[in-house]
Amino acid sequence: MKRLVLACVAVMLCASAQARDPLMAPGFDSRILAQTPAAELTPVPQRDYTPVPQDASPQPHVVQSVVDDYTLVSHGAGTVELYECVRVHNPRKMDPCSVPTIIEVPDPRICHKGCCVAVEVCLPQCGTPKVCCGPLGQRVTLDYGCYKVQLTSTLGVVHVRYIN
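This is how it looks when you write it as structure tokens:
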């Protein structure tokens, strides 16, 4: 142990003896400054801060037009690319009369924040669900009353939980 301590002290003394002083910054050379032309100063334009009269306040512009025919655009089943990393929990608890439906959920991959991915889930045919989102938007719950579907996007995987 004493030999190890002596060897460490000897190495530190050799290293400090061979260390060089830091290089000093070059001195100020007045010739360099004398060769540069003087920069011309351009005046800054003055801004007009006059008050606006009250009768000249901005008014909303409303465009009145009637949409004659409304067409619902639907995509075929082959045009939507489904996300592959999906894990299904409790599939036996889904509604027996449910229909496969494609929905979009937040992208679980870290490098694609703000994007959405398409996932196929089985949803009940009855009514409109009550949609609840988590505080970060990574958890979406579709509540149909007696059946719930919870979609969670974490660590590159979309978890689909069927709750009875």
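In the numbering used here, the protein residues as written are 6 to 169.
The beta carbon of each residue, even a glycine, is placed where N, CA and C say it ideally should be.
What separation, rounded to the nearest whole angstrom, lies between the Cα atoms of residue i and residue j?
i    : j    : result
V163 : A12  : 58 Å
H94  : R166 : 5 Å
R144 : M6   : 59 Å
P140 : T157 : 12 Å
T84  : C151 : 33 Å
P111 : N169 : 24 Å
V10  : C116 : 50 Å
L131 : K153 : The sequence given here has Cys at residue 131, not Leu. The straight-line gap from Cα to Cα measures roughly 12 Å.
V104 : P96  : 13 Å
May I ask which residues mark the beginning and end of the beta strand (DSSP E) holding residue i?
i    : result
V135 : The sequence given here has Lys at residue 135, not Val. From DSSP, the beta strand (DSSP E) with K135 extends over 135-138.
V163 : 162-168
C120 : That residue, C120, is in no beta strand (DSSP E); it is neither H nor E in DSSP.
V154 : 153-159
P111 : 104-111
Taking residue i and residue j to be in contact with their CB atoms under 8 Å, please state how far apart those CB atoms are, rounded to whole angstroms.
i    : j    : result
V91  : V136 : Actually they are not in contact, since the Cβ atoms of V91 and V136 sit about 19 Å apart, beyond 8 Å.
V122 : Y88  : 4 Å
M99  : C127 : 5 Å
T159 : P113 : 6 Å
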